[in-house]
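*Asks:* Below you'll find the structure I mean.
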Amino acid sequence: PQCFLGLVQESGGPSREHYQAFIDVLRRDADTALAAVRLVLAQPGITSQMVDNLNGMIHLRALLTDVFLVDEMLRPDADHPLHTPPDDADSPPATS
-2 PQCFLGLVQE
8 SGGPSREHYQ
18 AFIDVLRRDA
28 DTALAAVRLV
38 LAQPGITSQM
48 VDNLNGMIHL
58 RALLTDVFLV
68 DEMLRPDADH
78 PLHTPPDDAD
88 SPPATS
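Following this line, the structure appears as structure tokens:
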């Protein structure tokens, strides 16, 4: 997490608070997912049904989504820089 914040600061991205708030979410998701994995590992035998249920857990999926989001923002070959301000052309047309 600190590495992620360091990269944000180096890039001159938006305020650190937004990123810190997301890192707090990532930590909670990681702690919750780890608890589920540890519970399965503590069993005397692991069945395929346990693994299927673990794979389907919203907590594990949330953690993976968090990681994919961070990865997308930090990829050096991404189509967009770390932060791109909204463009008026990207806004929906005004309705009257």
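Just so we're aligned: 35 in our numbering is position 38 of the sequence shown, and the numbers increase by one with no gaps anywhere.
Note that beta-carbon positions come from the ideal geometry of N, C-alpha and C, so glycine has one too.
Fully enclosed by the stretch 41 to 78, which alpha helix (DSSP H) runs are 4 residues long or longer?
*Replies:* Complete alpha helix (DSSP H) runs here, min 4: 45 to 53, 55 to 71.
*Asks:* Following the continuous alpha helix (DSSP H) through A33, name the residue where it begins and the one where it ends.
*Replies:* As a first step, residue 33 is located in the sequence shown; it is residue number 36 there, counting from the start. From DSSP, the alpha helix (DSSP H) with A33 extends over 13 to 38.
*Asks:* Quick check: the stretch 56 to 75 against the stretch 12 to 25, are there 3 or more CB pairs under 8 Å?
*Replies:* A contact exists between the stretch 56 to 75 and the stretch 12 to 25.
*Asks:* Tell me which residues share the same chain as H56 and place their Cβ nearer than 7 Å to its Cβ, disregarding the 5 neighbours each side in the sequence.
*Replies:* Taking the sequence shown and counting its residues from 1, one reaches residue 56 at position 59. Contacts found: D26, T29, A30, A33.
*Asks:* Can you give me the C-alpha to C-alpha distance between G42 and V48, rounded to a whole angstrom?
*Replies:* Sequence index remark: in the sequence shown, residue 42 carries index 45 (1-based). Sequence index remark: in the sequence shown, residue 48 carries index 51 (1-based). Distance between the alpha carbons of G42 and V48 is about 11 Å.
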